[in-house]
Ligand code: FES
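Residue numbers (the working numbering), protein chains in the order written: chain D, 494 to 768; chain G, 3 to 462.
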């Protein structure tokens, strides 16, 4: 009876394998192909386990633990052989010193190629593609005109010619004029209620993607740092500790928004070399 | 046929002595001993399915215009890597099945290792002489985490790209060498052109090779030291009792292997996982919310969410805030685990070799530490989904974060104390039971009948 059940289980597996092959050939759905393979494997496994449990004599075996530690004479012998060999090496100690010198130097030399894996820091860590007078463009490359943004709205912008660049991504927001608490030096950075901040979170670099216009708060979806737009984008809560760098804006004679300059500090997460 | 093979091998290798002992090797029958095996079979499945996937994957960050069968993305600019995964998923027969099964297998691989380590920890199986294998096993867990994360990041979709961005920033936060580390691994400032190919080689060659090597060492040590075992009749500190390798254990284990494979394929067939076409391609200015990583990264995500917002500025240098939660927390966590066998030996002065396993209640202090550490990791994992929970229970997120910050510090202590008390209680009851059993001894009386005789306490 049990043997019969095991044979049936194996037969089910066999049939399922055939079913899978047919399903593959006819390009049936992933689910049907998967079903075939699932049953083929599952029934095979079940059959083998049943076989082990019900069609084999159940025996127990006892192994003694005697392989370790070795007996005293072996231990002593090994130690002595080791000592003798080491002693022979140490007798020529000045050769040893040269040997270790050579090995050490080679080990050090072997580390050098790894430096190639890390390119120089270059400008990338400190600067973005924003330059003095860069026009603000949207993701699709269209420039932003001063009349185009309603109060309370936000758009992601890039410097003209670098749309999509990770480190240059910037949030352009329009807030009611007068809400911005500009500190000294930043008085003319936000013309007509337009204000722009780096979109790269100063915590761990996620794009700060959510804006609550009612409370002028930017929210980073990764670890929920909240930044206060009207107060220089300083963090209000969450793990970020630094304000989002502000991009100084200007409006040119044709009514296009432009950057006065690059950000005045490295954007994004901190790093050791950052002052 | 088999006989001829055995003889032929012995003629050339003198293998029969080894073979005889090997075939009679004892494997204890306890369900918890299957956990490590499940991890092993997951790994084998991952290698097999991963090799298949590798033939279709294009590890390139180059931009291409998507022209495939998925309508919603038509004409979108995506990376070649992303496009190749979609082609594999939607246009290659069994491609989706095997890709999903591979992803599920990775999740279960890490889970099996984690649960296996819990078993080893709470039963004291890591004690001498098996400390070395605890260290190797923990290394396997780290390698598995790395393999999982790099694999998850390969398709270059929006969800994994965000995770990669965070990983880059965490690396960057390490004092002194962070910048070099991050550039070395990512090939430049994120997102660098080289990142895809570096992830790929790490995922398919570097980490699997290390995993295979460490796993070989792990198994060789088990083979040499033989299995530990739970207490029971006939079991001592100097033997091991169980099913013989051939044929009983071999058959059961092969059956388990096929069952594990079946589970992977079943999950891959019926449970969608990581549908990258609906996440969309990685685009640096976009982010999906709420975004949850694979489960085993959750605790790190949670740590970052609860982490302090301290940024240190010392001598014109910066130690950024992700360093505390993203680097120090896991560093402390894994250091504690690596050192635990040696810490415990220091405390207990127990340097003996152990063959018999503890019941978790036998050593309440160890059980307490394990429970505390476990609860710490679990709390962090939940914190990693705090935005989802805030929405679910409509609690303001800031309040939830504050609650979690308290919980992560307080709960491990509470859980540890509770575990300690429970373990002591259980131990006392088991002791009482054992005493009761051992005291009722019937002895033959002079008259020829049987009478109960109180005995002095039997050995434990
Ligand atoms: S990346 Fe923005 S809060 Fe962490």
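Quick reminder that beta carbons are idealized off the backbone N, C-alpha and C, glycines included.
(message) Let me check you understand the geometry: is the CB of residue 193 of chain G closer than 7 Å to at least one non-hydrogen atom of ligand 1?
(response) no
(request) Taking the CB atoms as reference points, tell me whether residue 155 of chain G and residue 201 of chain G lie closer together than 8 Å. (result) yes
(message) Tell me whether residue 173 of chain G, by its Cβ, gets closer than 7 Å to a heavy atom of ligand 1.
(response) no
(message) For a quick check, are the C-beta atoms of residue 701 of chain D and residue 722 of chain D less than 8 Å apart?
(response) Their beta carbons are not under 8 Å apart, which means residue 701 of chain D does not touch residue 722 of chain D by this criterion.
(message) Is residue 356 of chain G near ligand 1 - that is, is its Cβ less than 7 Å away from at least one heavy atom of it?
(response) no
(request) State the DSSP-derived secondary structure class of residue 707 of chain D, mapped to helix, strand or coil. (result) coil
(request) Evaluate contact between the segment 623-634 of chain D and the segment 185-197 of chain G, counting only Cβ atoms and requiring at least three cross-stretch pairs below 8 Å. (result) no
(message) For residue 282 of chain G, would you say it is in contact with chain D, using Cβ-to-Cβ distances shorter than 8 Å as the test?
(response) No, because no Cβ of chain D sits closer than 8 Å to the Cβ of residue 282 of chain G.
(message) If I follow the unbroken alpha helix (DSSP H) through residue 721 of chain D, where does it start and stop?
(response) No alpha helix (DSSP H) holds residue 721 of chain D; the beta strand (DSSP E) holding it covers 719-721.
(message) I need the DSSP call for residue 567 of chain D, collapsed to helix, strand or coil.
(response) helix
(request) Would you verify that the beta carbon of residue 659 of chain D is, or is not, closer than 8 Å to some beta carbon of chain G? (result) yes
(message) For the segment 102-112 of chain G against the segment 75-86 of chain G, do three or more pairs of beta-carbon atoms, one drawn from each stretch, fall closer than 8 Å, so that the two count as touching?
(response) no
(request) Could you tell me whether any Cβ in chain D is nearer than 8 Å to the Cβ of residue 357 of chain G? (result) yes
(request) Give a single yes or no on whether residue 780 of chain D has its beta carbon closer than 7 Å to a heavy atom of ligand 1. (result) Since the first residue of chain D shown is 494 and the last is 768, residue 780 of chain D is not available in this structure.
(request) For residue 353 of chain G, decide whether its Cβ has a neighbour in chain D, counting only Cβ atoms nearer than 8 Å. (result) With its beta carbon at least 8 Å from every one in chain D, residue 353 of chain G lies outside the interface.
(message) I'd like the list of long-range same chain contacts for residue 355 of chain G, defined as Cβ closer than 7 Å, with 5 residues on each side in sequence excluded.
(response) Result list for residue 355 of chain G: 130, 131, in chain order.
(message) Would you say the beta carbon of residue 697 of chain D is closer than 7 Å to some non-hydrogen atom of ligand 1?
(response) yes
(message) Strictly under 8 Å for the Cβ-Cβ distance: is residue 724 of chain D near chain G by that measure?
(response) no
(message) My output table needs one value for residue 407 of chain G: the three-state DSSP class, helix, strand or coil.
(response) helix
(request) Apply the 10 Å Cβ neighbour rule to residue 225 of chain G and answer buried if 16 or more other Cβ atoms are within range, or exposed otherwise. (result) exposed
(request) Give the DSSP-derived three-state secondary structure of residue 461 of chain G in the structure shown. (result) Legend: pLDDT at residue 461 of chain G = 43, less than 50; position of this residue unreliable, value from coordinates given subsequently. Residue state, collapsed to three classes: coil.
(message) For residue 460 of chain G and residue 233 of chain G, what's the separation of their Cα atoms in angstroms?
(response) The predicted position of residue 460 of chain G is uncertain, since its pLDDT is 43 and thus under 50; a value taken from the coordinates is nonetheless stated next. Rounded to whole angstroms, the separation of the alpha carbons of residue 233 of chain G and residue 460 of chain G is 15 Å.
(message) Is it the case that the segment 243-263 of chain G contacts the segment 359-374 of chain G, given that we only count it when at least three CB pairs across the two stretches are under 8 Å?
(response) no
(request) Answer yes or no: the CB of residue 314 of chain G versus the heavy atoms of ligand 1, is any distance below 7 Å? (result) no
(request) Indicate, with yes or no, if ligand 1 has a heavy atom lying under 7 Å from the CB of residue 407 of chain G. (result) no
(message) Suppose contacts are defined by Cβ-Cβ distances below 8 Å. Is residue 62 of chain G in contact with residue 28 of chain G by that definition?
(response) Here residue 62 of chain G is not near residue 28 of chain G, since their CB atoms are 8 Å or more apart.
(request) Could you say if the segment 536-547 of chain D and the segment 253-273 of chain G meet the contact criterion of at least three C-beta pairs nearer than 8 Å? (result) yes
(message) Beta-carbon within less than 6 Å of residue 175 of chain G's beta-carbon, same chain only, minus the 5 sequence neighbours each way: which residues are those?
(response) 322, 324, 325
(request) Taking C-beta pairs closer than 8 Å, name the residues in chain D that residue 389 of chain G reaches, listed in chain order. (result) Going along chain D in sequence order, the residues near residue 389 of chain G (Cβ under 8 Å) are 714, 717.
(message) DSSP has residue 750 of chain D in a bridge; who is on the other side?
(response) Its beta-bridge partners are D:744.
(message) Within a Cβ cutoff of 7 Å, which residues of the same chain sit near residue 699 of chain D, ignoring the five residues on either side of it in sequence?
(response) 713, 714, 715
(request) Please state whether DSSP places residue 515 of chain D in a helix, a strand or coil. (result) helix
(message) One question on the structure: do residue 266 of chain G and residue 45 of chain G come within less than 8 Å of each other, judged by their Cβ atoms?
(response) no
(message) If you reduce the DSSP assignment to three classes, tell me which class residue 179 of chain G lands in.
(response) coil
(message) Can you pull out the residues from the segment 536-558 of chain D whose beta carbon lies closer than 9 Å to at least one beta carbon of chain G?
(response) 536, 537, 538, 539, 540, 541, 542, 543, 544, 545, 546, 549, 550, 551, 552, 553, 554, 555, 556, 557, 558
(message) So the candidates are G:313, G:43, G:31; which of them puts its Cα closest to the Cα of residue 551 of chain D?
(response) G:31
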